[in-house]
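A.B. asks: Chains as they are written, first to last, in our numbering: chain C, 18 to 286; chain Z, 486 to 912. Each residue gets a CB set at the ideal place from its N, CA and C atoms; glycine is no exception. Handing you a structure now.
Printed below as a string of structure tokens:
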């Protein structure tokens, strides 16, 4: 209890108090100044928008790919074990390593990706990946999809294997098509696994930091700056802990709202 | 009850005797110093080891990468833990530390040693950075590494195409265009790019832009202290940067020092603004494909004289240090001409005029005369405690313009508005 109190409760209360303090030339002022400042901070809203675009795109792709792979590998086929094992490798790597490796591969001049494309005679002059305002967001999303689809796959596969055989036999007897079976048998029974995987991934994606920090540091310009990066910069570069705490609470509130929506939506139908 | 008293007494006695035994008879002096990892910090670490051997003072080193050093030091100094007796700091951080009154005024300590201030051998531009307010105020640090930007160019290609040495920015543009168009079969089968720069947001873009900005007559702030980056001169400077960008390798809007260094060392780019720390790698056969082909000079001019950005490493004594007098002894010792010479031989540009003119050092580092000229005429980044925030905002818009996300005038207008907001909050 004492550990919990000192490591979790005290910092929480402390961060609430500093979010209500603003350092001005007249000393520290109490109030909602930090939260009011959010409204006029273009960087904050842009970073928020980037975070949601990033999270939505990565989550959709990871979920669809993960589900497809899980359905594919839920059947008996040759080399299934090997295939499964190799799919898990990206997830085993530390995010920092993934970031550094992809940063090298995406380098427009010396990187492996443009090098390979050149071999096929593709003009790579405009494919500057992390340096292009249009491709940078796609690049960081692709890296996340590469690393975390296996996790989605793993959880969904476990969910699929836990579904008993009987409902399928019943559906077969009723003469339902493969799509109908999937829609009315597999999906409803897979719901708990889907809920868990979506919740975990959403929370992770909304607070993404390390791989973007390594891949682009939020650039070029501000093109891939997510809210966590902006909070980090505000706290540890500008030393404005009050404002950083205020932003963290807004992020926390939003994450909570999303989680509640998920749980409502997926568990009550 | 008696038993409790007896036990308490026993425990107290036990503690007392054990602490008595542990108290050393001779007190060894001890200093803890926060250094940056890399060549600048390595030289200071070696100096600390030599000092320990010479004086018996135990020197503890706390080493941090550049990206963490500022936050570690600032957190520690603000929390008043007194963990460090000496700190290395990059000069743009100095106004923040000075503004928050976190460093020891060195003058009274120097006076106690019989000195009135720093000696006249230090480069004026370097000492000016150590004073708060800039140039005129009290002395809070001593300069240790005398970096300032230089202009790097491929003299072999300039000779090949009979180009004028890069004395003005228009000369640079002409040369970049010529080399870019003619050297299509470069070192690695690809072309040689005419120019290469770092335009990643933050420090990188700002550092590579400032010399152009100043030469074109731009100023961060006007006479009344208001931000003025979107002046006609400022916008013209950014337009010029984008012109140069046409001859830079694709993706330069995300380049940092490493990418620029790699292009120059591989011979795939012909010109750049860069820092002296890179010079020695050009004569290292394991890294360089352009041995003997690089020339280093002062920054080109335009409407105004060319000025380099200064980037010195300073050493200061935190106010929370409990060993300030001892720390000053080390600081004075480490910045003597003799010790700084040793540091120079380890690869760090000095901050003393006599060493830039030292025959042996000039033989080893032929760019020293150019470095001294660059350093003496250099300019600091604006001395404001909010520089980190301002640089971040400015860098974002410079990088946006260079990546094509915003037109130059728009980028400068938005940058100006953001800088204005930062200053307003500070007021």
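#1: Less than 6 Å between C-beta atoms, sequence neighbours within five positions excluded: which residues of the same chain meet that for residue 644 (chain Z)?
#2: Should residue 39 (chain C) be labelled buried (16 or more other beta-carbon atoms within 10 Å of its own) or exposed?
#3: Let me know if residue 649 (chain Z) comes out buried or exposed under the rule of 16 or more other beta-carbons within 10 Å of its beta-carbon.
#4: Buried or exposed: which applies to residue 805 (chain Z), given that a residue is buried once 16 or more other Cβ atoms fall within 10 Å of its Cβ?
#5: Which complete beta strand (DSSP E) runs does the region 23-106 of chain C hold, if anything under 3 residues is left out?
#6: Using the Cα positions of residue 511 (chain Z) and residue 527 (chain Z), report the straight-line distance between them to the nearest angstrom.
#7: Please identify, using Cβ separations under 9 Å, the residues of the region 130-162 of chain C that lie next to chain Z, in order along the chain.
#8: With which residues is residue 617 (chain Z) paired in a DSSP beta bridge?
#9: Quick one: any contact between the region 677-692 of chain Z and the region 729-736 of chain Z, if contact means 3 or more CB pairs under 8 Å?
#10: May I have the straight-line CA-CA distance separating residue 263 (chain C) from residue 249 (chain C), to the nearest angstrom?
#11: Against chain Z, with Cβ distances strictly below 7 Å, would residue 181 (chain C) count as a contact?
#12: In angstroms with no decimal places, state the Cα-to-Cα distance between residue 150 (chain C) and residue 874 (chain Z).
#13: Could you name the residues of the region 228-245 of chain C whose beta carbon sits closer than 9 Å to any beta carbon of chain Z, in the order they occur along the chain?
#14: Taking 8 Å as the cut-off, does the region 708-719 of chain Z touch the region 798-812 of chain Z (at least 3 CB pairs, one atom from each stretch)?
#15: Residue 920 (chain Z) bridges to which residues according to DSSP?
#16: Are any of the Cβ atoms in chain C nearer than 7 Å to that of residue 829 (chain Z)?
#17: If you draw a straight line from the C-alpha of residue 640 (chain Z) to the C-alpha of residue 145 (chain C), how long is it?
#18: In chain order, what residues of the same chain lie with their CB nearer than 7 Å to the CB of residue 699 (chain Z), ignoring the 5 residues before and after it?
#19: Ignoring anything shorter than 4 residues, give me the alpha helix (DSSP H) runs that lie fully in the region 858-898 of chain Z, in order along the chain.
#20: Quick one, which of Z:867, Z:856, Z:777, Z:810 has its alpha-carbon nearest residue 706 (chain Z)'s?
#21: May I ask which residues mark the beginning and end of the beta strand (DSSP E) holding residue 517 (chain Z)?
#22: Of all the residues that make up the region 559-585 of chain Z, which are near chain C by a beta-carbon distance shorter than 7 Å?
#23: Can you tell me where the alpha helix (DSSP H) with residue 695 (chain Z) in it begins and where it stops?
#24: Check each residue of the region 727-741 of chain Z: if its Cβ is closer than 9 Å to any Cβ of chain C, include it; give the result in chain order.
#25: Near residue 772 (chain Z), what residues of its chain come up, given a Cβ to Cβ distance below 8 Å and the 5 sequence neighbours on each side ignored?
#26: Cβ of residue 36 (chain C) within 7 Å of Cβ of residue 226 (chain C)?
#27: Quick check on residue 253 (chain C) - is its C-beta less than 7 Å from some C-beta in chain Z?
#28: Going by other Cβ atoms of all chains shown within 10 Å of its Cβ, with 16 needed for buried, is residue 670 (chain Z) buried or exposed?
#29: Counting contacts by CB-CB distance shorter than 7 Å, is residue 125 (chain C) in contact with chain Z?
#30: When you compare the CB of residue 506 (chain Z) with every CB in chain C, is at least one pair closer than 7 Å?
#31: Just to confirm, is the Cβ distance from residue 676 (chain Z) to residue 666 (chain Z) under 7 Å?
#32: If you run the structure through DSSP and keep just helix, strand and coil, what is residue 145 (chain C)?
#33: Leaving out five residues before and five after residue 879 (chain Z) in sequence, what residues of the same chain have Cβ atoms less than 6 Å from its Cβ?
#34: Step through the CB atoms of chain A and report whether any lies within less than 7 Å of the CB of residue 833 (chain Z).
#35: Measuring alpha carbon to alpha carbon, tell me which residue in Z:626, Z:551, Z:601, Z:897 is nearest residue 820 (chain Z).
#36: DSSP state of residue 785 (chain Z), grouped into three classes?
C.D. replies: This is what the structure holds:
#1: Locating residue 644 (chain Z) in the second chain gives position 159, counting from the first residue. None.
#2: What you label residue 39 (chain C) is simply residue 22 of the first chain in a count that begins at 1. So residue 39 (chain C) counts as buried.
#3: For the purposes of this step, residue 649 (chain Z) is taken as the residue at position 164 of the second chain. Residue 649 (chain Z) comes out exposed.
#4: By 1-based counting over the second chain, the position of residue 805 (chain Z) is 320. So residue 805 (chain Z) counts as buried.
#5: If we require 3 residues or more, the beta strand (DSSP E) runs fully inside the region 23-106 of chain C come out as 38-41, 44-47.
#6: Your numbering for residue 511 (chain Z) matches position 26 in the second chain. Your numbering for residue 527 (chain Z) matches position 42 in the second chain. Unreliable placement is indicated for residue 511 (chain Z), whose pLDDT of 49 sits below 50; no coordinate value is reported for it.
#7: Here the close residues are 141, 142, 143, 144, 145, 146, 147, 148, 149, 150, 151, 153.
#8: Position 132 of the second chain holds residue 617 (chain Z). Under DSSP, the beta-bridge partners assigned to residue 617 (chain Z) are Z:623.
#9: In short, these stretches touch, since the Cβ pair count reaches three.
#10: For this step, residue 263 (chain C) is matched to residue 246 along the first chain. For this step, residue 249 (chain C) is matched to residue 232 along the first chain. Those two C-alpha atoms are separated by around 12 Å.
#11: Looking up residue 181 (chain C) in the first chain gives position 164. Not one chain Z Cβ lies under 7 Å of residue 181 (chain C).
#12: For the purposes of this step, residue 150 (chain C) is taken as the residue at position 133 of the first chain. For the purposes of this step, residue 874 (chain Z) is taken as the residue at position 389 of the second chain. So the alpha carbons of these two residues sit roughly 22 Å apart.
#13: Residues passing the 9 Å Cβ filter: 233, 234, 235, 236, 237, 238, 239, 240, 242.
#14: Per the Cβ contact rule, the region 798-812 of chain Z is not in contact with the region 708-719 of chain Z (fewer than 3 Cβ pairs under 8 Å).
#15: Since the displayed chain Z opens at 486 and closes at 912, residue 920 (chain Z) lies outside it and no answer follows.
#16: One-based indexing of the second chain puts residue 829 (chain Z) at position 344. Under the 7 Å criterion on CB atoms, residue 829 (chain Z) is classed as non-interfacial with respect to chain C.
#17: Translated into positions along the second chain, residue 640 (chain Z) becomes position 155. Translated into positions along the first chain, residue 145 (chain C) becomes position 128. Their Cα atoms are separated by approximately 29 Å.
#18: As a first step, residue 699 (chain Z) must be located in the second chain, where it is residue number 214. Answer for residue 699 (chain Z): 789, 792, 864, listed in chain order.
#19: Whole alpha helix (DSSP H) segments, 4+ residues: 872-887.
#20: Taking the second chain and counting its residues from 1, one reaches residue 706 (chain Z) at position 221. It is Z:867 whose Cα lies nearest to the Cα of residue 706 (chain Z).
#21: Counting from 1 along the second chain, the entry for residue 517 (chain Z) is found at position 32. Its beta strand (DSSP E) spans residues 515-521.
#22: Of all residues in the region 559-585 of chain Z, 559 have a Cβ within less than 7 Å of some Cβ in chain C.
#23: The residue labelled residue 695 (chain Z) in the question sits at position 210 within the second chain. Per DSSP, the continuous alpha helix (DSSP H) segment holding residue 695 (chain Z) begins and ends at 688-700.
#24: Residues 734, 735, 736, 737, 738, 739, 740, 741.
#25: Locating residue 772 (chain Z) in the second chain gives position 287, counting from the first residue. Counting only residues of its own chain and dropping the five nearest sequence neighbours on each side, residue 772 (chain Z) has a CB closer than 8 Å to the CB of 750, 766.
#26: To locate residue 36 (chain C), count along the first chain from 1; it is residue 19. To locate residue 226 (chain C), count along the first chain from 1; it is residue 209. Taking a C-beta distance under 7 Å as the contact criterion, residue 36 (chain C) and residue 226 (chain C) do not qualify as a contact pair.
#27: On the first chain, position 236 is the one that residue 253 (chain C) refers to. Under the 7 Å criterion on CB atoms, residue 253 (chain C) is classed as interfacial with respect to chain Z.
#28: In the second chain, counting from the first residue as 1, residue 670 (chain Z) sits at position 185. With fewer than 16 other Cβ atoms within 10 Å, it is exposed.
#29: Numbered from 1 along the first chain, position 108 holds the residue referred to as residue 125 (chain C). Output row for residue 125 (chain C): interface = yes.
#30: Walking along the second chain from the start, residue 506 (chain Z) turns up at place 21. In this prediction, residue 506 (chain Z) has a pLDDT of 44, which is less than 50 and means its spatial position is unreliable; nothing more can be read from the coordinates.
#31: Here residue 676 (chain Z) refers to the residue found at position 191 of the second chain. Here residue 666 (chain Z) refers to the residue found at position 181 of the second chain. In this structure, residue 666 (chain Z) does not lie closer than 7 Å to residue 676 (chain Z) by Cβ.
#32: Counting from one through the first chain, the residue named residue 145 (chain C) turns up at place 128. Residue 145 (chain C): coil per DSSP, three-state reduction.
#33: If you number the second chain from 1, residue 879 (chain Z) lands on position 394. Here the set comprises 691, 900.
#34: Looking at the structure shown, chain A is missing, and the protein chains on hand are C and Z.
#35: Looking up residue 820 (chain Z) in the second chain gives position 335. Closest option to residue 820 (chain Z), Cα to Cα, is Z:626.
#36: Position 300 of the second chain, counted from the start, is the residue given in the question as residue 785 (chain Z). Coil.
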